[in-house]
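Have a look at the structure below, then the notes.
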Amino acid sequence: MSILLKGGTVVSAYNRRQLDIRIDGEQIVEMGANLPVENSQIEDVTGCYVLPGFIDAHTHLELNNGKGSLSTADNFTTGSQAAVAKGTTTVIDMATPNKGGSLKDCLATWNQLAEGKSSCDYTYHMSMIEWKPTIAAEIQEMIAAGITSFKMYMAYDNLRTTDAEIFEAMKEIKKVNGMLGVHCENGDLVDELIQSYVSQGKLTPHYHPLSRPAAVEAEAVARYLMIAEMADLSVNIVHLSTKRSLEAVERARQRGQSVYVETCPQYLLLDDHLYDAPNFEAAKYVCSPPLRKREDHRLCGKGLKRGQSIQYRQITAALIFTDKKQLAKMILVKFPMGCQVLKRDQN
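Count the sequence shown with full-length UniProt numbering and you get residues 1 to 347, in order.
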């Protein structure tokens, strides 16, 4: 027996219309006004908006954050439950191998974490935290396994690769029509700024955005796009947070490049004054890139509304606040980073 959603307002990317929806199995098989009700289970959704399931295309579930034994707060069980509760029916998690490990082993590990535990559909982006011939050879295997997108880092000593390695990876990914997303921050400058503040005893969350200013993101974005232009690859920029980065994207598009961009709720709704919140409340907002200025909100929001510049992604890398609070007492470089947005309203 099919399910008939009757009387709701269907919201698409283009308009809102009052339509009935017939579902058979897991497929939408018919949409229209006043569909026949025979042999159907009727669900009266009058007065409700009916939307397609959302896709959260950037999550970090059950991921060790590289700061000792601390992992993100949500696993595939709790994270997927939070997602479904607010209308997200697919998550794309960042599968991240250990140093020296293979992509194949990483995929097996993530499958073990997710299989039988997720309440929603899931797949992965495959992170490449180093570059060597064996990794290059595995890209085709990942494509065959259904993993078509990859991620690399320009920051974090335990994750980042060189510009030359990113360029080599781009050339291999282009051969299989894959997609590469990159965390864009100038890692050398971030390390230098952090050490400068640490040497002065400036260890509180107030100095987090100062150690990762907009310029280190914008410089890395511009450099990444130049590398992509040389490789002739369509690329993605993850969690763009600042107007200067968006300006670099617009320049690349004017040159004819194909560039996808994502941003996140915290970069549209919160700003960097929260890093001065009292009693370690500021530790809640330590994420990377950090929260920016309100002017950055405005321009990123305009890009999102245009539907041409930025895609909205709910990047989830939540950490338990008590753990963040304890580590915040220690030293600037010990802060675990991440925000909980998977269950945020889809407004």
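Built from N, CA and C at the ideal position, the CB exists for glycine as well.
When only Cα atoms are considered, S196 and K202 end up about 9 Å apart. For the pair of segments examined, the region 254-265 was found to touch the region 228-237: the number of CB pairs separated by less than 8 Å reaches three. Within a 10 Å sphere around the beta-carbon of Y275 sit 16 or more other beta-carbons, which makes this residue buried. For L61, same chain residues with a beta-carbon under 7 Å away, outside a window of 5 residues either side, are T72, D74, N75, F76, G79, D93 in chain order. When C-alpha distances from W110 are compared across M126, K99, G100, C120, the shortest belongs to M126. For S149, same chain residues with a beta-carbon under 6 Å away, outside a window of 5 residues either side, are H125, M179 in chain order. Taking C-alpha positions only, P209 is separated from G7 by approximately 48 Å. About 14 Å separates the beta carbon of V84 from that of L51, a gap too long to meet the 8 Å contact definition. Close CB contacts of T9 within its chain, under the 6 Å cut and outside five residues either way in sequence, are with R16, Q18, Y49 (chain order). Under a 10 Å Cβ-count criterion, K305 is classified as exposed, with fewer than 16 other Cβ atoms of the shown protein chains found around its own Cβ.
Beta-bridge pairing by DSSP links T90 to I55, D121.
With a minimum length of 3 residues, the unbroken runs of beta strand (DSSP E) contained wholly in the region 147-171 fall at 149-153.
T134 sits exposed, since fewer than 16 C-beta atoms from the chains shown fall within 10 Å of its C-beta.
Counting along the chain, Y260 sits inside the beta strand (DSSP E) bounded by residues 259-263.
Per DSSP, E43 is one residue of the beta strand (DSSP E) stretching across 40-44. Contact annotation, L233 with I173: C-beta distance approximately 6 Å; criterion of less than 8 Å satisfied. For K175, the number of other beta carbons within 10 angstroms of its own is below 16, and it is reported as exposed. Within the same chain, and ignoring the five residues on either side of E43 in sequence, the residues whose Cβ sits closer than 8 Å to its Cβ are I3, L4, L5, K6. Exposed is the label assigned to Y14, since fewer than 16 other Cβ atoms lie within 10 Å of its Cβ. Apart from the 5 residues on each side of it in sequence, Y122 sits with its Cβ closer than 8 Å to the Cβ of F76, S80, T90, V91, I92, D93, A114 in its chain, given in chain order. Per DSSP, reduced to three states, the secondary structure at I139 is helical. Around the Cβ of L269, a 10 Å sphere holds fewer than 16 other Cβ atoms; the residue is exposed.
Excluding the 5 residues flanking it on each side, M1 has same chain C-beta neighbours closer than 7 Å at N39, S40, Q41, in chain order. Residue pairing by DSSP places D24 opposite Q27 in a beta bridge. Nearest C-alpha to F54 among C120, G116, G101: C120. Secondary structure note for R294: its alpha helix (DSSP H) is the uninterrupted segment 294-306. At least 8 Å separates the beta-carbon of M170 from that of A95.
By the criterion of a C-beta distance shorter than 7 Å, T242 is surrounded in its chain by A214, E217, A218, R292, D296, once the five residues flanking it on both sides are discounted. DSSP places Y14 outside both helix and strand once states are collapsed to three, so it counts as coil. Listed in chain order, the non-local C-beta contacts of E30 below 6 Å within the same chain comprise R22, local neighbours out to five positions each way being set aside. Residue range 187-199 is occupied by the alpha helix (DSSP H) that includes L193, with no beta strand (DSSP E) assigned at that position. Measuring C-alpha to C-alpha distances from R298 to each of P289, V190, L246, R253 identifies L246 as the nearest. For I166 and D56, the gap between their C-alpha atoms comes out near 25 Å. Scanning the region 211-264 from its first residue to its last, the whole alpha helix (DSSP H) runs of 4-plus residues come out as 214-231, 243-254.
When beta bridges are read from the DSSP output, T134 appears opposite no residue.
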